[in-house]
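Heads up: the sequence shown begins at 1 in the UniProt record's numbering, then just goes up one per residue.
Yeah, the Cβ is synthetic: ideal placement off N, Cα and C, and Gly gets one too.
Some notes on the structure that comes next.
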Amino acid sequence: MLKNSTILHIGIDDTDSPKGMCTTFLSYKIVKFLEKQKTEFVDYPSLIRFNPNIPWKTRGNGAVRLTIKTRNPNKIKKEIIQFITNYSDTKNGANPGLVFFQNQSIPQSFHKFSRLALWKLISRKTAKDFISNNKIDSFYLGNGQGLVGAIGAIGYKFSDHTFELLCYRKKSQFGKKRIINKHSVKKMQSITFPETYNSFDNENDRVLITPHGPDPVFYGIRGESVKSVVLASTMVDTDEKLDGYMVFKSNQGTADHLKNELQVNDLKPYTSGFLVGKVCSKPVTEQGGHVFFSIQVGDRKIRCGVYKQTKITKIAQDLILGDKIHLGGGIRKASKNYERVLNVEFLDIIKLEKNILLTNPTCKTCNKKMKSKGNRQGFECFRCGNKSFSKSSLEIPRKIQRKLYLPAISAHRHLTRPYQRLKKRNKFEIFDTSLEWLNIF
Ligand SMILES: [Zn+2]
1 MLKNSTILHI
11 GIDDTDSPKG
21 MCTTFLSYKI
31 VKFLEKQKTE
41 FVDYPSLIRF
51 NPNIPWKTRG
61 NGAVRLTIKT
71 RNPNKIKKEI
81 IQFITNYSDT
91 KNGANPGLVF
101 FQNQSIPQSF
111 HKFSRLALWK
121 LISRKTAKDF
131 ISNNKIDSFY
141 LGNGQGLVGA
151 IGAIGYKFSD
161 HTFELLCYRK
171 KSQFGKKRII
181 NKHSVKKMQS
191 ITFPETYNSF
201 DNENDRVLIT
211 PHGPDPVFYG
221 IRGESVKSVV
231 LASTMVDTDE
241 KLDGYMVFKS
251 NQGTADHLKN
261 ELQVNDLKPY
271 TSGFLVGKVC
281 SKPVTEQGGH
291 VFFSIQVGDR
301 KIRCGVYKQT
311 KITKIAQDLI
321 LGDKIHLGGG
331 IRKASKNYER
341 VLNVEFLDII
351 KLEKNILLTN
361 PTCKTCNKKM
371 KSKGNRQGFE
381 CFRCGNKSFS
391 KSSLEIPRKI
401 QRKLYLPAIS
411 AHRHLTRPYQ
421 RLKKRNKFEI
431 FDTSLEWLNI
441 F
């Protein structure tokens, strides 16, 4: 234990661009540096995913929090600012934000800010006001958009969590093709699932742990505990010499962004959340194979889109008028030709309407369909002349069930709560320093 030390929370966001860097990798570099200083980690590094439906946050909208004990916070802060300045990919559009908070307990205002950042669009002005009103120690480059995630990361309170082990490449390998033994990943998943998840897509025979961009991540393994992801990483086979790994505690796999009920009278673009309503327009398959329908919520009709890649378009197609459903997703901005649409991320069927088909009645004597005698004239059997005045109804069995439908794992987002996690909540996690959450090869 460090005597006379203070607790320092560090929030980092938006250091990367589509062309390079990665906030988790920069955090890994900072952690490697901190390990050599007289500091002590108080918790695992946290990787917090915020609202994924913000279009300019193309890489998953993740921010990092580090919490340490130090005797010399000012020196540490200066060094971290240097890291952000030297390594952020500002020339390709990164707008890094860095926030420090020096106290063990974190004020309510941070928690509130963080909760909103999970599902709303928060402007950088709001973040800058928050910083000046609360006299918070911070630093930013570019337009400072990263301050939103940096404040949010410090204020984030876990109610459930998962872990991700991120394994990084050596600098000389950045941008090169990742070569990994597919069978080893498949086998790793078969041995460790559900303690690890979304590592391999059996349906498409595809590795899911390796990203495809130029970023420094070689692979990421998600799971329920530090032990499970560390064990799983020993089963993955590659010839590439890697730099090391770090395990992050995360809100990935918790559907954190869909807990808020969307307000139908104030549906702002890029917000995430859920709605409960009744199907009020027949699903239609449009160009590209996407399915659109509307639901009625209160006195509003909301257009909803189920995209082809989710592979649940068939389910959406089988919805009928009156079905009561609970949908989660993000609001896509209206364009010139299209109104606002809820991009569906889960489809939970609460109540299925009976599918009744009305047909001409059958003659009980001849077992033949009767013929209509014209509008409101009733029906008559053309063989024996039997008459009937009403149509007969036939209940068509529904092909879909009253249950939750999720996109195929190939279309999962970082925050998607997978089936096997539906009832799972990881609550208490003691920071166990005996576990190898950081490993430099
Ligand atoms: Zn008849």
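By the CB criterion at 7 Å, H161 and L415 fall outside the cutoff.
V64 sits in a strand when the DSSP states are folded into three classes. For Q263, the closest C-alpha among the options A94, A255 and G273 is that of G273. Annotation for Q296: no alpha helix (DSSP H) segment contains it, though the beta strand (DSSP E) segment containing it runs V291 to V297.
Looking at the DSSP output, Y140 bridges to G97. Under the DSSP assignment, I54 falls outside any beta strand (DSSP E); it carries neither an H nor an E label. Cα atoms of P52 and N61: separation of roughly 6 Å, rounded to the nearest angstrom. Within 6 Å of the C-beta of R417 there is not a single heavy atom belonging to ligand 1.
Not one heavy atom of ligand 1 lies closer than 6 Å to the C-beta of T359. Leaving aside the five residues that flank G175 on each side, the residues in its chain whose CB is nearer than 6 Å to its CB run, in chain order, P214. Counting of Cβ neighbours within 10 angstroms places K403 among the exposed residues, the total staying below 16. CA-to-CA, the gap between Q173 and V284 works out to about 47 Å. Counting only the Cα atoms, R398 lies some 34 Å from R383. Within the region 98 to 179, the complete beta strand (DSSP E) segments of 3 residues or longer fall at 137 to 140 and 162 to 169, listed in chain order. The C-alpha of P407 lies about 49 Å from the C-alpha of Q377. DSSP places E339 in the coil class of the three-state scheme, outside both helix and strand. Remark: fewer than three beta-carbon pairs, one from each stretch, lie closer than 8 Å, so the region 323 to 334 and the region 423 to 432 are not flagged as touching. M188 sits in a helix when the DSSP states are folded into three classes. Bridge pairing for D201: R206 [DSSP]. Around S228, the same chain offers T192, E195 and T196 as residues with beta carbons nearer than 7 Å, after the five sequence neighbours per side are excluded. Listed in chain order, the beta strand (DSSP E) elements of length 3 or more contained wholly in the UniProt domain "TiaS C-terminal zinc ribbon" (360 to 400) are 392 to 396. Taking Q104 as reference, the option from D89, T24, L231 and K69 with the minimal CA-CA separation is K69. In this structure, T365 has its CB closer than 6 Å to one or more heavy atoms of ligand 1. In the DSSP annotation of this structure, the continuous segment of the alpha helix (DSSP H) that includes S27 starts and ends at T23 to E35. In this structure, the C-beta of C280 stays at least 6 Å away from each heavy atom of ligand 1. For I7, there is no enclosing alpha helix (DSSP H); the residue is part of the beta strand (DSSP E) that begins and ends at T6 to D13. Between G146 and G97, the CB-CB gap stays under 7 Å. In this structure, ligand 1 has a non-hydrogen atom nearer than 6 Å to the beta-carbon of C381. Under the DSSP assignment, S228 falls in the alpha helix (DSSP H) whose first and last residues are V226 to S233. In this structure, the straight-line span from the alpha carbon of S132 to that of T126 is close to 10 Å.
With a contact defined as Cβ atoms closer than 8 Å, G155 and F110 qualify at about 3 Å. The C-alpha of R206 is placed about 39 Å away from the C-alpha of K112. In the DSSP assignment, T285 falls within the unbroken beta strand (DSSP E) covering S272 to T285. In this structure, N386 has its beta carbon less than 6 Å from a heavy atom of ligand 1. CA-CA distance, R71 to K3, rounds to 8 Å.
In this structure, S114 keeps its C-beta atom at 7 Å or more from the C-beta atom of K249.
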